[in-house]
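Asks:
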Amino acid sequence: MLKKILILFIITLLLLFTKSIVKIDSNKVNISKPILINTYQEKPIGNLKITKIKLNQDIYRIDSKENTIEKNIQILKESTDNLIIIAAHSGSGKIAYFNNLNKLLINDEVSLTLNKKNNTYIVKNIWEQKKNGYINISKEEQDQLILTTCSPNHNGYQLIVNCIKKESL
Amino acid sequence: MHKIKFFLILLIALMIVPSLSVKAETTSFYEGEYIQGIWMNKYNPLTKTTYYQTARFFREVGSNDFAYCIQPFNFFTEGSTYESTINHTTISNVQRDRVALIAHFGYGYKNHTDKKWYAITQFMIWQAADPSGDYYFTDSLNGNRITAYTSEINEINNLVANYNKLPSMANKTYDIVEDNNLEIIDTNNVISNYQTTSDLVTIKDNKIIVNNPKEGEYNITLTREDKYYNKPHIFWRSSTSQHLIETGDIAAKKAQITINVQKTTISLNKIDADTKETTPQGKASLDGAIYNLYDENNNFIDTLEIIDNTAEIHNLNYGKYYLKEEKAGVGYNLDTNTYEINLSKETPIIEKTLENKVIKAKVTINKQYGDSNNMKNEENINFNLYNSKNDLYKTLITDDKGNIEIELPYDTYRLEQLNTTSGYSKIEPLTIDINTNDDITLNLKDLKIPVPDTHTNNKLLIILCIIISLIC
């Protein structure tokens, strides 16, 4: 009986602290190198704001160590001036920033600020494709913002949200 | 019985025939009162004889109507029998007409009531009837030659000349267009003395107005009648005395004008400049084009709108016109040309075929694939191009450079990619709107972007669950 209570307690603790475990992991570097924390802590170059899913997350330079889905939302290196591709985790845990990406609908607004320049994008289309380590997208004439994460609805599928810059519509 | 009928008819005929035969009227004249203060001389160059007299009336016995001598060097014999004659043979027709006119407009005409007018009229009739003679007024009986009554003579001459003058439009033909009124001004300024029974024209002031004419040829008779005396003038001849004329109305004067009324039509036919057909290209429309019509002085006349590929305007007057497109049909470029049109009686119907060039754009499609930093041209990619009616307009294939070039007329098209390089998706169907002549370039890029695994890592949780399960 005592064993079972102990197991239940441990499981409860694990479930409660899973997020903080990730957080701790992500701060490990900072802890091991406390002096460098202040010196190299990067400032974000912008942020992604999607009011509908209550997302407001900082964005870091492409070559930044902060620019990783393990910490933040990530701008993929294939991005260009008129095609910005952002990936992030979905599922559980604090870094699952795109957990509610599937709640976006066509014509919803997405706000992206980069280097102090704010642009609003409109969701043009949303689709899923089988996960294979790549996403297939068509480059359009207008400036595009692609948001991608694992499909919360279909295991083994990648969710892709294609947005078009509002002012280029 | 038949014989009786025949006899009766014959009897009636014999009774009627004599009453139908022309019976010359006879009368006699006398020398009436003198006109005091007016003396006239006549000189006959043939006999070199001068006759002098105090002006004096001739009057008809019974009626006392006055008459004039028309043989100035023949003597009047009182009591002679005169008979009327239509064809007076001692003077020419021209002289006869002039003598009749002088008599008509002379003494007794309107305000010519003073007796001097009789003397003046007689004087002028002598001159007309025998121009070889020398006639003049004198200051006394057989006195000195004087020039007198010039203004009165001029007045009668003017009245005669005016009567002889036909309206300037007489014997002319006028070509006009249906429903177009025409005003013809009489430069001889006599038309107001004429009348017509035609419903087509009215005479007003110094002009003839042709009202609302309909297609056809009209011969209009203009008549001048001067019924002042309500009796005809009569020439009297006698075998024993000088011939006379009795004043009266003159024969009606007639003039003819011919009016040809024609319909005119300007007819426009609209076609596509490329296909030379009336069917428009794409979703363009040849209908709805608007042309403005101007006269040769650039005054706006009317607007013609193309409906069912045609437009017409009827019964414009003869003349030169200019046609300019103001608005092209939807999807067509404005035709900037100006077209000259000449409507005439020889060319009353003008048909013009007018063209418009459809709005057309050169569309260049470049198809590439790769990641955003390493793109390759995609060869042999097929696209179906559908028009706004959802009909397949054309199937297009990219060349070795991934390019397609096509010229598309005004329409909205849907481009659908049919095949792709393995591992790459097709582009979403896209819309191509051709509504200007500007070139369009479409860069179609299919990208294959590597993405990190975005599924949250819960391995730790799974491992712990396994450990706990093992402990239990």
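Respectively, the protein sequence lines represent chains A and B.
No gaps in the numbering here: position 77 of the first sequence is 75 in the working numbering, and each next residue is one more.
No gaps in the numbering here: position 111 of the second sequence is 142 in the working numbering, and each next residue is one more.
All C-beta atoms, glycine included, are put in the ideal place defined by N, C-alpha and C.
All values derive from a computational prediction rather than experimental measurement.
Going by alpha carbons, who is nearest to residue 168 of chain B out of B/126, B/361 and B/83?
Replies: Considering only alpha carbons, the answer is B/83.
Asks: Take residue 530 of chain B and list the residues in its own chain whose beta-carbon comes closer than 8 angstroms to its own, dropping the five residues that flank it on each side.
Replies: Limits of chain B in this structure are 32 at one end and 503 at the other, which puts residue 530 of chain B out of reach.
Asks: Could you give the distance in angstroms between the alpha-carbon of residue 177 of chain B and the alpha-carbon of residue 81 of chain B?
Replies: The straight-line gap from Cα to Cα measures roughly 15 angstroms.
Asks: Residue 165 of chain A CB to nearest chain B CB: under 8 angstroms?
Replies: For residue 165 of chain A, the answer is no, since every Cβ of chain B falls outside 8 angstroms of its Cβ.
Asks: Between residue 464 of chain B and chain A, is there a C-beta pair that is closer than 8 angstroms?
Replies: So, not an interface residue.
Asks: Just to confirm, is the Cβ distance from residue 226 of chain B to residue 250 of chain B under 8 angstroms?
Replies: No; because the gap between Cβ atoms is not below 8 angstroms, this pair is not in contact.
Asks: Between the alpha carbons of residue 93 of chain A and residue 145 of chain A, how many angstroms are there, rounded?
Replies: Cα-Cα distance, rounded: 15 angstroms.
Asks: Name the chain B residues whose beta carbon is nearer than 8 angstroms to that of residue 143 of chain A?
Replies: Neighbours of residue 143 of chain A on chain B: none; closest Cβ ~13 angstroms, over 8 angstroms.
Asks: Over the uninterrupted beta strand (DSSP E) stretch that includes residue 406 of chain B, give me the two end residues.
Replies: 405 to 408 is the extent of the beta strand (DSSP E) around residue 406 of chain B.
Asks: Would you kindly work out how many angstroms separate the C-alpha atoms of residue 351 of chain B and residue 381 of chain B, rounded to a whole number?
Replies: Straight-line Cα distance between these residues: approximately 12 angstroms.
Asks: For a contact meaning CB atoms closer than 7 angstroms, what does residue 67 of chain A contact in chain B?
Replies: Ordered by position in chain B, the residues that pass the 7 angstroms Cβ test against residue 67 of chain A are 483 and 485.
Asks: With 8 angstroms as the threshold, decide whether the Cβ of residue 155 of chain A is near any Cβ in chain B.
Replies: No, residue 155 of chain A does not count as interfacial toward chain B.
Asks: Is it buried or exposed for residue 67 of chain B, if we count other Cβ within 10 angstroms and need 16 for buried?
Replies: Exposed, because fewer than 16 other Cβ atoms sit within 10 Å of the Cβ of residue 67 of chain B.
Asks: Cα separation between residue 143 of chain A and residue 129 of chain A?
Replies: Distance between the alpha carbons of residue 143 of chain A and residue 129 of chain A is about 20 angstroms.
Asks: Run the CB neighbour count on residue 33 of chain A, radius 10 Å, all protein chains shown included, and call it buried at 16 or more, exposed below.
Replies: Because residue 33 of chain A sits at a pLDDT of 39, beneath the cut-off of 50, its placement in the model cannot be relied upon, and the following sentence gives the value as read from the coordinates. By the neighbour-count rule (16 or more Cβ atoms within 10 Å), residue 33 of chain A is not buried but exposed.
Asks: Starting from residue 129 of chain B, follow the alpha helix (DSSP H) in both directions and report where the run begins and ends.
Replies: Counting along the chain, the alpha helix (DSSP H) containing residue 129 of chain B begins and ends at 124 to 136.
Asks: Output the boundary residues of the alpha helix (DSSP H) element that contains residue 195 of chain B.
Replies: Looking at the DSSP string, the run of the alpha helix (DSSP H) that includes residue 195 of chain B is 181 to 195.
Asks: Between which residues of its own chain and residue 150 of chain A is the CB-CB distance below 6 angstroms, once the five residues before and five after are set aside?
Replies: So the list reads 88 and 100, once near-sequence residues are dropped.
Asks: If you pair each beta-carbon of the stretch 111 to 121 of chain B with each one of the stretch 210 to 222 of chain B, do three or more pairs fall below 8 angstroms?
Replies: In short, these stretches do not touch, since the Cβ pair count stays below three.
Asks: Quickly, what does DSSP pair residue 7 of chain B with across the bridge? List them, please.
Replies: For chain B, the structure presents residues 32 to 503; residue 7 of chain B sits outside this window and is missing.
Asks: With respect to 7 angstroms, is the separation between the Cβ of residue 267 of chain B and the closest non-hydrogen atom of the ligand SAM below this value?
Replies: Here there are no bound small molecules, and the ligand SAM is not part of this structure.
Asks: Answer with yes or no whether the minimum CB distance from residue 132 of chain A to chain B is below 8 angstroms.
Replies: Taking Cβ atoms only, chain B reaches closer than 8 angstroms to residue 132 of chain A, which makes this a yes.
Asks: Take the Cβ of residue 93 of chain B as the centre, count every other Cβ of all protein chains shown within 10 Å, and call the residue buried at 16 or more, exposed below.
Replies: Exposed: under 16 other Cβ atoms inside 10 Å.
Asks: For my contact list, residue 122 of chain A and residue 162 of chain A are in at a C-beta cut-off of 8 angstroms; report their separation, rounded to the angstrom.
Replies: So it is a contact: roughly 5 angstroms between Cβ atoms.
Asks: Could you give the residue range of the alpha helix (DSSP H) that holds residue 155 of chain B?
Replies: Counting along the chain, the alpha helix (DSSP H) containing residue 155 of chain B begins and ends at 147 to 160.
Asks: Using a C-beta to C-beta distance shorter than 7 angstroms, which residues of chain B count as neighbours of residue 76 of chain A?
Replies: Simply 402, 403, 404 and 480.
Asks: Is it buried or exposed, residue 506 of chain B, if we count other Cβ atoms within 10 angstroms and call 16 or more buried?
Replies: The structure shown does not extend to residue 506 of chain B, since chain B spans only 32 to 503, so no value can be given for it.
Asks: Just the C-alpha distance for residue 415 of chain B and residue 426 of chain B, rounded to the nearest angstrom, thanks.
Replies: In a straight line, the C-alpha of residue 415 of chain B is about 5 angstroms away from that of residue 426 of chain B.
Asks: If you follow the beta strand (DSSP E) that residue 80 of chain B is in, where does it begin and where does it stop?
Replies: First-last of the beta strand (DSSP E) with residue 80 of chain B: 80 to 91.
Asks: Please report the residue range of the beta strand (DSSP E) in which residue 75 of chain B lies.
Replies: Where residue 75 of chain B is concerned, the enclosing beta strand (DSSP E) stretches over 60 to 75.
Asks: Assign residue 99 of chain A to one of three DSSP states: helix, strand, or coil.
Replies: Here residue 99 of chain A sits in helix by DSSP.
Asks: Considering only DSSP beta bridges, list what residue 46 of chain A is partnered with.
Replies: According to DSSP, which records beta bridges pairwise, residue 46 of chain A is partnered with A/55 and A/110.
Asks: At 9 angstroms on the CB atoms, spell out the chain B contacts of residue 146 of chain A, in chain order.
Replies: Near residue 146 of chain A (Cβ distances below 9 angstroms), the residues of chain B are 480, 482 and 485.
Asks: Taking residue 333 of chain B as the reference, give the member of B/339, B/345 and B/341 with the closest Cα.
Replies: For residue 333 of chain B, the nearest C-alpha among the options comes from B/345.
Asks: Roughly how many angstroms separate the alpha carbons of residue 119 of chain A and residue 141 of chain A, rounded to a whole number?
Replies: Taking the straight line joining both Cα atoms gives about 9 angstroms.
Asks: Using only the alpha-carbon positions, how far apart do residue 72 of chain A and residue 41 of chain A sit?
Replies: Taking the straight line joining both Cα atoms gives about 15 angstroms.
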